[in-house]
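Take 176 as the starting number for the sequence shown in this note's numbering and just add one per residue.
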Amino acid sequence: MNFKRSDFPETFLFGTATSAYQIEGHSFGGAGQTHWDTFAATPGNVVRAEHGGIACDHYHRYEEDLDFISNAGFDAYRFSTSWARVMPDGVTPNPEGLDFYDRLTDGMLERGIKPCATLYHWELPSALADKGGWQNPDIAKWFGDFTECIMERIGDRMHSVAPINEPWCVGWLSHFLGAHAPGLRDIRATARAMHHILLAHGTAIQMMRGLGMSNLGGVFNLEWSEPETESEADIAANVLSDGYYNRFFLGGVFQGKYPEKIMEAFEPHMPEGWQDDFGTIQAPLDWCGINYYTRRIVRANDDPWPSHDVIPNGPLPKTQMGWEIYPDGLYKFLKRTKEEYTGDLPLFITENGMANPDMIKHGTVNDPERISFLNQHFNAVRRAIADGVPVNGFFVWSLLDNYEWALGYEKRFGLVHVDFVTLERTPKASYHALKSALEQ
176 MNFKRSDFPE TFLFGTATSA YQIEGHSFGG AGQTHWDTFA ATPGNVVRAE HGGIACDHYH
236 RYEEDLDFIS NAGFDAYRFS TSWARVMPDG VTPNPEGLDF YDRLTDGMLE RGIKPCATLY
296 HWELPSALAD KGGWQNPDIA KWFGDFTECI MERIGDRMHS VAPINEPWCV GWLSHFLGAH
356 APGLRDIRAT ARAMHHILLA HGTAIQMMRG LGMSNLGGVF NLEWSEPETE SEADIAANVL
416 SDGYYNRFFL GGVFQGKYPE KIMEAFEPHM PEGWQDDFGT IQAPLDWCGI NYYTRRIVRA
476 NDDPWPSHDV IPNGPLPKTQ MGWEIYPDGL YKFLKRTKEE YTGDLPLFIT ENGMANPDMI
536 KHGTVNDPER ISFLNQHFNA VRRAIADGVP VNGFFVWSLL DNYEWALGYE KRFGLVHVDF
596 VTLERTPKAS YHALKSALEQ
């Protein structure tokens with residue numbers, strides 16, 4: 176790495192991240208069916224119809240995985256809890272699930288790792304999906320009950336907690352584009368889901384405050400958006416893209432409003448009384464997390480709203496996902512988020528990393544592309560800090576190669592290689608490079 180720990184502020188938090196359904200193995204421990212299980216079982220939704228039934232078997236191998244985190248010198252581990260493991264039907268607690276997260280938490284603390292929980296990373300219990308899922312206004316209460324259940328058990332030992340990972344993916348990607356569960360393509364479902372996601376977020380924050388918890392934040396995935404040309408049509412299309420992707424959720428939480436251009440299309444579909452929910456949605460936060468991977472280039476078209484294409488083949492080098500490597504976007508987002516939304520609130524990079532077609536050769540995995548990617552993005556953070564942005568930590572995605580949702584097990588984001596047949600773990604060159612950097 177071209178940086179070392181001492182290049183950052185003394186209190187800067189270095190961590191790595193995963194999510195429950197992607198690594199745990201959802202067929203264990205009494206976990207209930209999720210809308211991801213049924214989405215994956217539907218032909219055409221997921222590569223080879225792969226699912227998270229076994230995944231990385233983290234449920235049984237968590238101690239080995241925590242050792243990787245500890246041995247690398249990471250300060251913190253951002254993990255997620257599975258709603259359907261804690262409450263298989265979305266309502267009734269599952270002692271086995273609660274016991275697992277209890278063990279996992281203690282395992283972190285025993286190794287000196289700060290537990291940083293995300294309550295929800297996309298595995299909605301099927302029983303709640305049957306009731307409309309994120310379209311149902313009651314989901315905020317359901318989510319509050321889930322929050323109370325899991326945090327009454329482990330909340331006293333959490334370093335930090337955020338309610339919902341990547342609201343854009345839960346809302347737009349899943350209800351408008353149909354690329355993630357529940358696989359809908361419906362503007363009314365999208366408008367309601369996106370609002371209810373934020374209402375559930377605020378409800379969970381209030382619930383945790385009521386439990387006496389602190390260091391609570393929100394995690395937003397942002398994708399830097401640029402028009403393909405300086406034409407009036409492309410610029411207008413880019414405003415829409417930036418609005419529904421980046422500004423809708425930040426605006427709701429930090430400003431108590433949604434972008435006007437988005438509401439021109441959404442308002443006829445919003446739930447009754449939605450304007451009255453901002454008191455809950457704006458529940459004060461202690462920090463803001465940014466998940467950043469790439470940029471999007473937007474071109475206007477004549478299709479129905481939002482009337483644009485996202486150009487898939489921009490000019491920059493790309494990851495295995497086909498995403499352009501654009502570290503300047505991270506720098507720009509850190510500056511913009513501080514200036515327009517969060518002010519002096521601490522910011523964290525809660526996810527950043529790259530997929531790469533990594534292979535084991537002679538017992539090792541050489542991934543210089545990932546080392547270069549991380550160097551560029553850590554340097555973007557250093558630039559932002561030098562410009563006065565209060566960036567307090569960076570979580571690398573991901574600890575392990577894992578289940579990459581609709582793309583199955585092909586795309587490898589891990590610092591640790593996983594053989595999905597034997598489940599053997601092999602630390603990659605990037606893991607060893609980070610370990611060395613964190614020792615200095």
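Glycine included, each C-beta is placed from N, C-alpha and C at the ideal position.
Keep in mind the model is a prediction, meaning the values are calculated, not measured.
CA nearest to the CA of residue i, picked from the options
i: W343; options: I229, I329, H376; result: H376
i: R471; options: A530, I486, W462, F203; result: I486
i: A195; options: F189, E298, R180; result: E298
i: I410; options: K432, L425, K436; result: K436
i: L609; options: T191, E341, P184, F187; result: T191
i: L446; options: P300, N246, Q310; result: Contrary to the premise, residue 446 reads as Pro rather than Leu in this sequence. With distances taken between Cα atoms, P446 lies closest to Q310.
i: R332; options: D281, S349, A368, I362; result: D281
i: A230; options: K603, H607, E585; result: E585
i: D484; options: D594, S400, I380; result: S400
i: T494; options: D477, T213, T469; result: T469
i: A458; options: A475, P434, S181, V428; result: V428
i: H370; options: V336, G489, M438; result: M438
i: T293; options: N390, D240, G308, P263; result: N390
i: S245; options: K289, A215, T404; result: K289
i: E403; options: N476, F275, I535, T193; result: N476
i: T236; options: H210, G207, I198, F318; result: Residue identity check: residue 236 is Arg in the sequence provided, not Thr. It is I198.
i: V414; options: G448, S482, A530; result: S482
i: R367; options: S416, G307, G358, L425; result: G307
i: M529; options: R557, R474, G504, Y467; result: Y467
i: E185; options: N577, D361, G583, D250; result: D250
i: L374; options: S406, F318, N421, C324; result: F318
i: M262; options: I325, T365, L522; result: I325
i: D659; options: R545, A215, H552; result: The requested residue 659 is not part of the displayed model; the chain covers only 176 to 615.
i: P300; options: W211, L273, F275, A337; result: W211
Test item: CB-CB of residue i and residue j under 7 Å
i: E614; j: G248; result: yes
i: L303; j: G346; result: no
i: F395; j: G431; result: no
i: H201; j: G219; result: no
i: L590; j: S605; result: yes
i: L491; j: Y501; result: yes
i: N269; j: G205; result: yes
i: Y234; j: F203; result: yes
i: T322; j: M382; result: yes
i: A559; j: V566; result: yes
i: G568; j: F187; result: yes
i: I524; j: I465; result: yes
i: T378; j: T256; result: no
i: V222; j: L582; result: yes
i: L505; j: H444; result: no
Buried versus exposed, by CB contacts within 10 Å (16 or more), residue i
i: I339; result: buried
i: N527; result: buried
i: E398; result: buried
i: A315; result: buried
i: Q450; result: exposed
i: Y537; result: Inspection of the sequence shows that residue 537 is occupied by His rather than by Tyr. H537 should be labelled exposed.
i: E442; result: exposed
i: L549; result: buried
i: T597; result: exposed
i: W480; result: exposed
i: N531; result: buried
i: T517; result: buried
i: E407; result: exposed
i: T160; result: Nothing in the structure corresponds to residue 160, since the chain is present only between 176 and 615.
i: L241; result: buried
i: M283; result: buried
Range covered by the alpha helix (DSSP H) that runs through residue i
i: G190; result: From DSSP, G190 is part of no alpha helix (DSSP H) but of the beta strand (DSSP E) over 188-192.
i: W150; result: Here the chain covers residues 176 to 615 and nothing more, so residue 150 does not appear.
i: V414; result: 407-417
i: P270; result: 270-285
i: N246; result: 233-247
i: A627; result: The question about residue 627 has no answer here: the residues shown for the chain are numbered 176 through 615.
i: L613; result: 604-613
i: P502; result: 502-512
i: Q526; result: Note that residue 526 corresponds to Glu in the displayed sequence, not to Gln. Looking at the DSSP string, E526 is not in any alpha helix (DSSP H); the run it does join, the beta strand (DSSP E), is 522-527.
i: A259; result: 258-261
Segment limits, beta strand (DSSP E) that includes residue i
i: N554; result: Careful: N554 lies outside any beta strand (DSSP E), inside the alpha helix (DSSP H) at 543-561.
i: D484; result: 483-485
i: D295; result: Before going on, a small fix: residue 295 reads as Tyr here, not Asp. Residues 289-295.
i: S573; result: Careful: S573 lies outside any beta strand (DSSP E) and carries neither H nor E.
i: Y252; result: 251-255
i: V593; result: 591-593
i: A354; result: That residue, A354, is in no beta strand (DSSP E); it is neither H nor E in DSSP.
i: I198; result: No beta strand (DSSP E) holds I198; the alpha helix (DSSP H) holding it covers 195-198.
Residue-level contact to chain B via CB, residue i, 7 Å cutoff
i: V591; result: The structure shown has no chain B; it contains just one protein chain.
Runs of 3 residues minimum, wholly inside the segment 367-402: which ones carry the beta strand (DSSP E) assignment? If we require 3 residues or more, the beta strand (DSSP E) runs fully inside the segment 367-402 come out as 392-402.
Fully enclosed by the segment 439-494, which beta strand (DSSP E) runs are 3 residues long or longer? Every unbroken stretch of the beta strand (DSSP E) spanning 3 or more residues and falling wholly within the segment 439-494 is given here in chain order: 462-475, 483-485.
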